[in-house]
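S.K.: Protein chains in written order, with the UniProt record's numbering: chain X, 1 to 197; chain D, 1 to 197.
By construction, the Cβ of each residue, glycine as well, lies at the ideal position given by its N, Cα and C atoms.
Structure incoming, see below.
Number of protein chains: 2
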Amino acid sequence: MEQVGILLFNDFETLDVYGPVEVFGRFPEHYYLSFYSLAGAVISNRHNVSVNTLPVNERTRPIDILLIPGGIGTRTAINDEALINAIRTTGTNATFILTVCTGAALLAKSGLLDNRRATSNKRAFDWARSSSYKVNWISKARWMQDGRFYTSSGVSAGIDMTLGFIADRHGTAAAEAAAAQIEYLWNPDRTNDPFAD
Amino acid sequence: MEQVGILLFNDFETLDVYGPVEVFGRFPEHYYLSFYSLAGAVISNRHNVSVNTLPVNERTRPIDILLIPGGIGTRTAINDEALINAIRTTGTNATFILTVCTGAALLAKSGLLDNRRATSNKRAFDWARSSSYKVNWISKARWMQDGRFYTSSGVSAGIDMTLGFIADRHGTAAAEAAAAQIEYLWNPDRTNDPFAD
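Okay, here's the thing in C-alpha cells:
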C-alpha cells in the first residue's frame, strides 16, 4: 500500500484534487489517500470546499506519491518559502510526484523539476514558465512524464494523467476499467492536447 | 444568487460531487455552494474524503438547486427514511433538482420523480430502476432533463449534465467557456451516451 499525499493550500482548484482522488480511490489495494497542508489546518477554496488536513512536516508515514494541485492560490503559494521547502523535502523522498495545472509551477519553484520536461495549464502557461526557466516546458501535451515526474495540463487533464499513471504502473486494462467505471472518456494519448494554442 | 445545496451521505462518490462543484464554482455571480447532510456531521467516503456539513433540516436559506450524488452509500441511504423525507421536503421547495449516478435512485424513492423521464449509472441501472417503477427510466442518455429534474449517468456524466444545466440557463457560450477553462471536452449532446449497453 502506497500513500498518495495531496498537498493543499488555500484556493486550490477543486477538480485538480478530486479528479485524481476519484481515480486513485478506485485502487484501494494499491493506494490510500491523505490530505496535507503546511499548517495542518482547514484548507478552503472559492467553491466553498473545505478540507481537514494533516501537517505535512509532521507526517508519520512516508508520502510515496506526492500530488500537487493548481488553482488561483498558487499565485500566493509560490511565494510561501516554507511551502516550497516542504515540497522540496517531501518530493525528494517521494517515489513519484504528480502535479495538475499550475501545481507544476510550485514544483518548478522547488527546483526539483530542473532540466525535466513538464507541462501546465494552457491558460496560465506563461506564468507557469516564469516560475523557473530551468524547466523544459512543453506547451503541447495533455500531460508529461519525465522519470518520476508527471505534470498535467489544466484541471480535467489531471484525470487523464492519473489514468495514464495507473496504466504505466498497473497496465492499460486497469486504467481502461477505471475509466469505464466512472463513465469517463479517457484520453490515453498524452500528446493529444485539444487545448494547446 | 442561488444556493446550490449538495446533500451528502456516507460513502458518496467523490467525483459525483466535485465535478458539478467545479462547474458551478465557475459562476460565482449566479451560484454559491453549500454542503448538507441529514445530521450536519462530518461525512466521509472510502476515498478518505471528509466534508463538514450543515444539517439539511435546519437550513437558514432555501436550497434553490438541490444536488444529490450517487455512490455505494446509496445502497444504505435508500433505506434511511429520514433522509428520503428530507429529499422530498427540500426537493419540493427547490427550483431545480440535479442527481448524479445512483443519486437518482434516492430521488426516485422520495416519489418526486414519479412519471418523469430519468437516467442513472449504466452499471447500476437495474438497481436504480428497482428504487421506483413509477419513474420512466431511460437507459441510453448521458443525462436527462424533464421539467425541473436533471438526472445524469455515472460519475463524470455529472460534469456534462452540469454544463448542460448552465447552457440551458445561461447559454451555450457560457457552458463552452467553462469547459474550456477546465480543459474539459464537454459532451453537449445528452443523447450521446458512450456507456449505454
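1) Can the beta-carbon of aspartate 160 (chain X) be found closer than 8 Å to that of tryptophan 143 (chain X)?
2) Is it the case that the Cβ atoms of asparagine 48 (chain D) and leucine 33 (chain X) are separated by a distance below 8 Å?
3) Of the residues D:Gly40, D:Gln181, D:Glu183, D:Asn187, which one's Cα is nearest the Cα of phenylalanine 165 (chain D)?
4) Quick one, which residues of the segment 172 to 185 of chain D are near chain X if we go by CB-CB under 8 Å, in chain order?
5) Is any beta-carbon of chain D found at less than 8 Å from that of alanine 104 (chain X)?
6) What residue does the beta strand (DSSP E) around aspartate 146 (chain X) start on, and which one ends it?
7) Using a Cβ-Cβ cut-off of 8 Å (strictly less than) and excluding sequence neighbours within five positions of isoleucine 78 (chain D), which residues of its own chain qualify?
8) Does the beta carbon of asparagine 48 (chain X) sit closer than 8 Å to a beta carbon anywhere in chain D?
9) Can you list, in chain order, the residues of the segment 28 to 45 of chain D whose Cβ is nearer than 9 Å to any Cβ on chain X?
10) What are the uninterrupted segments assigned as alpha helix (DSSP H) that are 4 or more residues long and contained completely in the segment 10 to 84 of chain D, given in chain order?
11) Return the Cβ separation of aspartate 64 (chain D) and alanine 141 (chain D) in integer angstroms, given the expectation that the two are a contact with Cβ distance under 8 Å.
12) Let me see if you follow: with CB-CB separation under 8 Å, is serine 120 (chain X) close to chain D or not?
13) Using 8 Å as the limit for Cβ to Cβ distance, is valine 21 (chain X) near chain D?
14) Beta-carbon within less than 7 Å of aspartate 11 (chain D)'s beta-carbon, same chain only, minus the 5 sequence neighbours each way: which residues are those?
15) Look at glycine 154 (chain D) and arginine 123 (chain D) and say whether their C-beta atoms are less than 8 Å apart.
16) Can the beta-carbon of valine 56 (chain D) be found less than 8 Å from the beta-carbon of threonine 90 (chain D)?
M.R.: This is what the structure holds:
1) yes
2) yes
3) D:Asn187
4) Ala180, Gln181, Ile182, Glu183, Tyr184, Leu185
5) no
6) 143 to 146
7) Ile84, Ala105, Leu106, Lys109, Ser131
8) yes
9) Pro28, Tyr32, Leu33, Ser34, Phe35, Val42, Asn45
10) 14 to 24, 74 to 77
11) With 8 Å as the limit, aspartate 64 (chain D) and alanine 141 (chain D) do not qualify as a contact, their Cβ atoms being about 24 Å apart.
12) no
13) yes
14) Asn45, Arg46, Gly71, Ile72, Gly73
15) yes
16) yes
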